[in-house]
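What follows is one structure encoded as structure tokens, with my remarks underneath.
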Amino acid sequence: MRVIVALGGNAVLRRGERPDADVQAANVRTAVKSLARLAVEHELVITHGNGPQVGMLALESAADPALSRPYPFDVLGAQTQGMIGYWMQQALQNALPGRQVLAMVTQTLVTAVDPAFANPTKFVGPVYEQEEAEKLAAERGWTVRPDGGHWRRVMPSPTPQRIVETRLIRRMLGQGVIVVCAGGGGIPVVRDEAGRLSGVEAVVDKDLTAAMLAESLECDAFLSLTDVPRVMRGFGTPQQTEIGHTTPHELRALDFPDGSMGPKVEAACRFVETTGDMAAIGKLDEAEGILAGTAGTIITPNGRWPLTSTL
Numbered sequence: 001m002r003v004i005v006a007l008g009g010n011a012v013l014r015r016g017e018r019p020d021a022d023v024q025a026a027n028v029r030t031a032v033k034s035l036a037r038l039a040v041e042h043e044l045v046i047t048h049g050n051g052p053q054v055g056m057l058a059l060e061s062a063a064d065p066a067l068s069r070p071y072p073f074d075v076l077g078a079q080t081q082g083m084i085g086y087w088m089q090q091a092l093q094n095a096l097p098g099r100q101v102l103a104m105v106t107q108t109l110v111t112a113v114d115p116a117f118a119n120p121t122k123f124v125g126p127v128y129e130q131e132e133a134e135k136l137a138a139e140r141g142w143t144v145r146p147d148g149g150h151w152r153r154v155m156p157s158p159t160p161q162r163i164v165e166t167r168l169i170r171r172m173l174g175q176g177v178i179v180v181c182a183g184g185g186g187i188p189v190v191r192d193e194a195g196r197l198s199g200v201e202a203v204v205d206k207d208l209t210a211a212m213l214a215e216s217l218e219c220d221a222f223l224s225l226t227d228v229p230r231v232m233r234g235f236g237t238p239q240q241t242e243i244g245h246t247t248p249h250e251l252r253a254l255d256f257p258d259g260s261m262g263p264k265v266e267a268a269c270r271f272v273e274t275t276g277d278m279a280a281i282g283k284l285d286e287a288e289g290i291l292a293g294t295a296g297t298i299i300t301p302n303g304r305w306p307l308t309s310t311l
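Heads up: the sequence shown runs through residues 1 to 311, numbered per full-length UniProt numbering.
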């Protein structure tokens, strides 16, 4: 099968950890153990989150007195794609001697008139107490919002339209290459009236980008891997229950938080509705079980996996 994996940002940096390079590289090596097993049997495309890293670099850039203005977010996205992609590429090469692995810095096309630019929703960077967050927002022109019990900076998150380098990714897969790409949802770019590309100040949701890319590459399965075993019905209530096998129709009837599970569910539903194939949400270290249908939340058109006829 051709499988695309969207890794949650916690695969690289968990909340509360020091953002040291050796900590993040070690986390990537741990994550790659599960991914390498998938790559033995399947064609594999890997995307990853970068929210903590982008936020950290944005703070450093804003505080650097040598700069006349902070680096824009498209540039920060490129930096973190290269950094995390390097760790993943090296870890995969070490885990799978003889396999070709390519980490690509990719651009994600968005439209300049996307309404998301007027309504920032995507969390980036560290968490703050409300008073500190509001102080930083006033000083630096940020938009901040609650994230659980804390506050964080938010950025516009326009809908991804296409990965600019899709044809190249497809060519690499056809040659047996494991491809790491679209980190952090890809670098957001727009085309001008002459067709030229330029970056924009935004952060594209990695799960929506991965689902869109999975459709473009004709993937058979889309896995959103994080630190929770399954999607929960009634999360945080006494009636909380795990969801095993389900359909987009059933999931869309439920409510999920915008900043965490909501985008993952939306991306999975879009992929299944568009392609008729399988999407899943679950734990990184259970990836093999998810593809086998014994772990995670499996989403298919008819709620069955492996897919069977409804005739």
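Note that CB positions come from ideal geometry on N, CA and C, so glycine has one too.
Check: At which residues does the alpha helix (DSSP H) containing Phe271 begin and terminate?; Outcome: Met261 to Thr275
Check: Measure the beta-carbon distance from Ala214 to Ile4 and round it to whole angstroms, keeping in mind my assumption that it falls under 8 Å.; Outcome: 4 Å
Check: Can you give the Cα-Cα distance for Lys283 and Ile163, rounded to whole angstroms?; Outcome: 26 Å
Check: To the nearest angstrom, report how far apart Pro301 and Val204 are at their CA atoms.; Outcome: 26 Å
Check: What span of residues does the beta strand (DSSP E) with Gln107 cover, start to end?; Outcome: Gln107 to Leu109
Check: Helix, strand or coil: which one does DSSP assign to Leu251?; Outcome: helix
Check: As an exercise, report each continuous beta strand (DSSP E) stretch of at least 3 residues that is fully enclosed by the stretch 175 to 257, in chain order.; Outcome: 178 to 180, 187 to 191, 197 to 199 and 221 to 226
Check: Cys272 to Arg252, Cα distance in whole Å?; Outcome: Reading off the sequence shown, one finds Val at residue 272, where the question assumed Cys. Each residue's Cα considered, the two are about 12 Å apart.
Check: With 16 as the cutoff for other CB atoms within 10 Å, does Asn119 come out buried or exposed?; Outcome: exposed
Check: So Val3 is in the beta strand (DSSP E); what residue range does that whole segment cover?; Outcome: Arg2 to Leu7
Check: Out of Pro158, Leu38 and Val180, point me to the one whose CA is closest to Pro263's CA.; Outcome: Pro158
Check: Please go through the same chain and pick out, in chain order, the residues whose beta-carbon is closer than 7 Å to the beta-carbon of Leu311, but skip the five residues on each side of it.; Outcome: With a pLDDT of only 46 at Leu311, under the threshold of 50, the placement of this residue in the model should not be trusted; the figure read from the coordinates follows. Contacts found: none.
Check: DSSP on Tyr128, reduced to helix/strand/coil?; Outcome: strand
Check: Determine which residues share a DSSP beta bridge with Arg145 and list them.; Outcome: Arg152
Check: Ala295 and Pro188 - do their beta-carbons sit closer together than 8 Å?; Outcome: no
Check: Please list the segments of the beta strand (DSSP E) lying wholly inside the stretch 278 to 304, counting only runs of 3 or more residues, in order along the chain.; Outcome: 278 to 283 and 297 to 299
Check: Go through the stretch 52 to 110 residue by residue and report every complete run of the beta strand (DSSP E) that reaches 3 residues or more, in order.; Outcome: 101 to 103 and 107 to 109
Check: Starting from Val45, follow its DSSP beta bridges and name the residues at the other end.; Outcome: Ile4 and Val179
Check: Glu132: which of Tyr71, Ala116, Met1 and Arg153 sits nearest, CA to CA?; Outcome: Arg153
Check: Note down, in chain order, each residue of its chain lying with its Cβ closer than 8 Å to the Cβ of Pro126, except the 5 sequence neighbours on either side.; Outcome: Pro52, Gly55, Met56, Leu59 and Arg152
Check: So which of Glu17, Pro248, Arg191 and Asn94 has the shortest CA-CA distance to Ala267?; Outcome: Pro248
Check: Quick check on Arg14: does DSSP put it in helix, strand or coil?; Outcome: coil
Check: Give a yes or no on whether the C-beta atoms belonging to Leu102 and Met212 are separated by under 8 Å.; Outcome: no
Check: Within 10 angstroms of the Cβ of Met83, are there 16 or more other Cβ atoms? Answer buried if so, exposed if not.; Outcome: buried
Check: When we look at the beta-carbon of Asn94 and count the other beta-carbons within 10 Å, is it buried (16 or more) or exposed?; Outcome: exposed
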